[in-house]
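Numbering (UniProt numbering), first residue to last: 1 to 482. Beta carbons are placed, not taken as given, at the ideal position from N, Cα and C, and that holds for glycine. In this text, all values refer to a predicted model and were calculated from it rather than measured experimentally. Single-structure report; data block below.
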Ligand SMILES: Nc1ncnc2c1ncn2[C@@H]1O[C@H](COP(=O)(O)OP(=O)(O)O[C@H]2O[C@H](CO)[C@@H](O)[C@H](O)[C@H]2O)[C@@H](O)[C@H]1O
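And the structure:
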């Protein structure tokens, strides 16, 4: 099949979160299954300058994209990182040659809607100019929400077929790509679409709503989240819209890329290990403690956390449990950046308890691997979690996850008390008190060394590989064509 993925992130070229991991692994897994896979990405500075990309890049064609009452130019650069896999970069310096994909750290860029309208239009234009004729065009998250509409509009206008089927995947419904309705004319789509049955969302235009309403099929990244987003508690105001498409919605669990996330071969670790031989894990643990400025011989419980510092990830629940870290002889190592107030809160906790809490406020891929490989417990108290990847990484790396009973966390972690023979982690309610209970249960588990080891072994034995997830996508794409 000819499968086109369109996204704003792809590991290892540009990553702010889990979206990048998923696009990178899914595209590669499908290419390995002999599909002809094309990925479209914005030509961000980080991608153009990436050492694995620069030497392979070919500039192919110039673009002239209609944006309302004017035309904007751009160009396309192409590289092929693996057999059956081609990546097209949509380049326009004014839009994408910036330090970060969506904002400057303090606030989002004010022209994000123009940037992603341009991106989607350019993708459609390249598909038209190259006669790509895809079986499936698969867009990810709000940045590509307008793609199904733009694609079908171009097909009508030019009387061509660009794609048999369109799919839109929701990785996180909390980010919706809202923009002022007065900018809708930039899409050159019919004005009827500006109403409630179209892209309108409380007076603004919503790119996510457009994707949900107008793609042929919708997927999200876990079966549990597919149910949750149809409720007002988790629907972020779009639950009614999701319900309308319930028959066309499917939850497909993400996988983990075992080329990148395998403790037995991980080149980013100071020592490798497996369930059968945990020797290298001890080395990772002491290296992690050392890097955090603690005594590497510390033998008590080590808690790790890696995430975007946002409310979604429950950082405030962790901060509310300060008393636990004051009281207990434990270590807490947090890697993450994001929301300014949460960063301040974490820094304050680390400053107040320098012998117990370490906070690293950067994006650091290597350190994230070390946290998974060296912690005894991985803390993930998300308020909601479409799928979540770190709880899978932590099971594979032998860090017992403490996660909330939400979304994909329910689908991927089994509670040790609910199912003592199969338990791989600790499930908690998404509240400060829930986390307090989870941290206490972790201490109890750690005291019983045999029980801890059994939980760790079961987690490491789980198969979360992308090969499994890609098979589900494969069957899903086949069924679209049926
Ligand atoms: N400071 C830092 N340094 C290094 N690495 C860091 C980091 N902060 C975060 N990361 C990495 O970013 C990724 C986060 O992935 P998640 O899936 O857990 O969350 P995210 O909310 O970004 O993704 C959304 O999309 C994904 C993909 O579908 C869903 O799993 C998820 O539930 C949804 O919220 C992990 O690979 C993690 O290690």
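- Rounded to the nearest whole angstrom, the C-alpha separation of residue 368 and residue 306 is 6 Å.
- Of the other Cβ atoms in all chains shown, fewer than 16 fall within 10 Å of the Cβ of residue 327; this residue is therefore exposed.
- Annotation: the continuous beta strand (DSSP E) that includes residue 134 extends over 134-140.
- Only buried fits residue 19, as 16 or more other CB atoms lie within 10 angstroms of its CB.
- Closest in C-alpha terms to residue 249, from the list 284, 66 and 241, comes 241.
- DSSP, read as helix, strand or coil, puts residue 75 in strand.
- About 12 Å separates the Cβ atoms of residue 145 and residue 198, ruling out a contact at the 8 Å cut-off.
- Relative to ligand 1, the nearest heavy atom lies less than 7 Å away from the CB of residue 221.
- In the assembly as shown, residue 158 is an exposed residue. Its beta-carbon has fewer than 16 other beta-carbons within 10 Å.
- Between ligand 1 and residue 408, a heavy atom-to-CB distance of less than 7 Å is present.
- With three or more CB-CB distances shorter than 8 Å, the segment 50-67 counts as touching the segment 114-129.
- By the C-beta criterion, the segment 283-299 is judged to be in contact with the segment 263-270, since at least 3 inter-stretch pairs fall below 8 Å.
- For residue 47, the enclosing alpha helix (DSSP H) begins and ends at 45-48.
- For residue 91, the three-state secondary structure derived from DSSP is strand.
- Boundaries for residue 205: no alpha helix (DSSP H) harbours it, while the beta strand (DSSP E) harbouring it runs 204-206, taken from the DSSP string.
- Rounded to whole angstroms, the separation of the alpha carbons of residue 135 and residue 365 is 34 Å.
- Annotation for residue 414: 422, 423 and 424 place their beta carbon closer than 6 Å to its own, counting only its chain and skipping 5 residues before and after.
- Judged by beta-carbon spacing, residue 186 lies beyond the 8 Å limit of residue 1, meaning their Cβ atoms are not closer than that value.
- Straight through space, the alpha carbons of residue 58 and residue 39 are spaced by roughly 15 Å.
- In the DSSP assignment, residue 219 forms a beta bridge with 169 and 250.
- With 16 or more neighbouring CB atoms inside 10 Å of its own CB, residue 116 falls in the buried class.
- The Cβ-Cβ distance between residue 47 and residue 14 falls below 8 Å.
- DSSP places residue 304 inside the beta strand (DSSP E), whose first and last residues are 302-306.
- In the three-state reduction of the DSSP assignment, residue 153 falls in the helix class, which pools H, G and I.
- Per DSSP, the beta bridge partners of residue 86 are 38.
- Residue ranges of uninterrupted alpha helix (DSSP H) with 4 or more members, entirely inside the UniProt domain "Glycosyl transferase family 1" (301-450) and ordered along the chain, are 315-319, 322-327, 340-352, 365-374, 390-397, 407-412 and 432-447.
- Shown here for residue 45: same chain residues with a beta carbon closer than 6 Å to its own, the five before and five after excluded, namely 97 in chain order.
- The closest CA to that of residue 7, considering only 174, 474, 458 and 168, is found on 168.
- Secondary-structure assignment with DSSP links residue 196 through no beta bridge to anything.
- When secondary structure is reduced to three states using DSSP, residue 147 falls in the helix class.
- Counting the other CB atoms within 10 Å of its CB gives residue 473 a total of 16 or more, which places it among the buried residues.
- Residue 103 sits in a strand when the DSSP states are folded into three classes.
- Listed as beta-bridge partners of residue 256 by DSSP are 465.
- If you check the CB distance, residue 126 and residue 160 do not come in under 8 Å.
- Per the Cβ contact rule, the segment 383-398 is not in contact with the segment 348-363 (fewer than 3 Cβ pairs under 8 Å).
- Closer than 7 Å to some heavy atom of ligand 1: that does not describe the Cβ of residue 394.
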